[in-house]
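Take any residue in the sequence shown, count from 1 to its spot, add 21: that is its number in the working numbering.
Ideal placement from N, C-alpha and C gives every residue a C-beta, glycine not left out.
Heads up: the structure comes next, in structure tokens.
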Amino acid sequence: MSVKIGFIGAGNMASAMIGGIIANGLYTKDEVVACAPSASTRNKVSAKYGIKVYGTAAEVVRLTDFIVLSVKPNQLQDLFAEDGLKFDDSHLVMSIVAGVKIATLEAYVPDSRIVRVMPNHCCLAGEGAAGYSRGSKATDRDMERVRDVLSSSGIAEEVKESDLDAVTGIAGSSTAFMYMVIDAMADGGVLCGLPREKAIRLAAQSMLGSAKMVLKTGEHPDKLKDSVCSPGGTTIEGVRVLEDSCIRAAFIAAVEASTVKSREMGRK
Ligand SMILES: NC(=O)c1ccc[n+]([C@@H]2O[C@H](COP(=O)([O-])OP(=O)(O)OC[C@H]3O[C@@H](n4cnc5c(N)ncnc54)[C@H](OP(=O)(O)O)[C@@H]3O)[C@@H](O)[C@H]2O)c1
């Protein structure tokens, strides 16, 4: 097959993943296709990435055996009712549809193999963090293909399906928490006299650098924190203020709240 991967849905997440796959050389633009009902989405995505974008899912499913399901949860029913849409045992379906369980997807496409993924939108910047879970028929080779796609724009961890809600909390929703931290740090910089734009850039780069230190050194974050707190110095003063504000408890509770919400939504 000359087409290596096809996206059903060409919205925000599909676009981010297509961008990562092409930019990182996993597949060429001729090896990636997508579909979307609206002409405006089709034109936008084909102009941006130079890929072929079709009007129906049936065309994408005919062209390739590796499908990324990237529609909204409430669009799934209409999608699977589409005339001429035929999934068979050649198809690997990687679903990024939030909250929709493997069992539900397997009922829609009983002959195909499913891998369920929870990505986050940082794959747009090549720094995604995703969790993925194996469906009952997925093979080791299927898992490898999914891992390759996710790794082309970030990191990916295989988890049990029941843990995907926690991945939503720590990697999906948490991007909003991190933006709030950057914004608040920038406010601090402005309060102390820095121009807003410079404060935002410095706060964002400090977060990026700290994250890279954790991932690259493999050190525990607490050890890295200790290594920059000199006795009686500036950093430990700030750390004391954060501890007084119960910042750790707030983050733990935020991740837990998002996880619980994801579980509730999955039950509906
Ligand atoms: N955004 C995130 O940060 C994030 C994170 C994790 C998981 N997710 C999951 O990723 C999925 C996609 O999210 P998104 O933010 O990319 O949504 P989105 O921007 O609304 O994209 C949905 C896409 O699906 C297309 N579509 C709708 N019905 C279709 C059909 N019957 N056949 C083919 N395409 C169809 C839409 O086409 P038109 O453009 O023509 O309407 C649109 O391009 C969702 O299930 C979401 O839960 C999103």
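Starting from residue i, trace the alpha helix (DSSP H) in both directions and tell me its first and last residue.
{"i": "S279", "result": "I268 to R288"}
{"i": "L212", "result": "S195 to L212"}
{"i": "F101", "result": "L97 to F101"}
{"i": "L215", "result": "Neither: L215 is in no alpha helix (DSSP H) and is coded neither H nor E."}
{"i": "I246", "result": "The amino acid occupying residue 246 in the given sequence is Lys; Ile does not appear at that position. K246 -> alpha helix (DSSP H) spans P242 to S248."}
{"i": "S183", "result": "No alpha helix (DSSP H) contains S183, which DSSP labels as neither H nor E."}
{"i": "G40", "result": "N33 to A44"}
Would you call the CB atoms of residue i and residue j closer than 8 Å?
{"i": "I72", "j": "I123", "result": "no"}
{"i": "M115", "j": "T189", "result": "no"}
{"i": "I29", "j": "A78", "result": "yes"}
{"i": "E127", "j": "G152", "result": "no"}
{"i": "A27", "j": "I117", "result": "It should be pointed out that residue 27 corresponds to Gly in this sequence rather than to Ala. Cβ distance not < 8 Å, so G27 and I117 don't count as in contact."}
{"i": "S111", "j": "R137", "result": "no"}
{"i": "A150", "j": "G175", "result": "yes"}
{"i": "G1", "j": "G287", "result": "Since the first and last residues shown for the chain are 22 and 289, residue 1 lies out of range."}
{"i": "S91", "j": "V66", "result": "no"}
{"i": "T85", "j": "V54", "result": "yes"}
{"i": "A205", "j": "V211", "result": "no"}
Taking 7 Å as the cut-off, does the CB of residue i come closer than this to any heavy atom belonging to ligand 1?
{"i": "T62", "result": "yes"}
{"i": "A197", "result": "no"}
{"i": "I221", "result": "no"}
{"i": "Q96", "result": "yes"}
{"i": "A192", "result": "no"}
{"i": "C144", "result": "no"}
{"i": "E178", "result": "no"}
{"i": "M115", "result": "no"}
{"i": "V188", "result": "no"}
{"i": "D184", "result": "no"}
{"i": "C56", "result": "yes"}
{"i": "R234", "result": "Position check: residue 234 holds Met in this sequence, whereas Arg was assumed. No; taking the cut-off as 7 Å, the Cβ of M234 has no heavy atom of ligand 1 nearer than that."}
{"i": "A78", "result": "yes"}
{"i": "K93", "result": "yes"}
Tell me the residue span of the beta strand (DSSP E) that contains residue i.
{"i": "A296", "result": "Because the chain spans 22 through 289 in this model, residue 296 falls outside it and cannot be assessed."}
{"i": "G190", "result": "Neither: G190 is in no beta strand (DSSP E) and is coded neither H nor E."}
{"i": "G149", "result": "G149 to R155"}
How big is the Cα-Cα spacing for residue i and residue j?
{"i": "E258", "j": "M228", "result": "19 Å"}
{"i": "G254", "j": "L215", "result": "21 Å"}
{"i": "K93", "j": "Y48", "result": "25 Å"}
{"i": "V202", "j": "A225", "result": "9 Å"}
{"i": "L145", "j": "A192", "result": "14 Å"}
{"i": "V74", "j": "L100", "result": "16 Å"}
{"i": "S23", "j": "R168", "result": "20 Å"}
{"i": "S231", "j": "V260", "result": "15 Å"}
{"i": "I43", "j": "C143", "result": "16 Å"}
{"i": "K282", "j": "I273", "result": "14 Å"}
{"i": "M301", "j": "K158", "result": "Here the chain comprises residues numbered 22 to 289, so residue 301 is not present and cannot be evaluated."}
{"i": "I223", "j": "A275", "result": "The sequence given here places Leu at residue 223; Ile does not occur at that position. One C-alpha to the other measures close to 25 Å."}
{"i": "R63", "j": "S133", "result": "26 Å"}
{"i": "V235", "j": "G76", "result": "44 Å"}
According to DSSP, residue i sits in a beta bridge with which residue or residues?
{"i": "V74", "result": "A55"}
{"i": "V114", "result": "I88 and I135"}
{"i": "G27", "result": "V54 and I88"}
Quick check: is any heavy atom of ligand 3 less than 7 Å from the C-beta of residue i?
{"i": "N45", "result": "What this structure holds is ligand 1, not ligand 3."}
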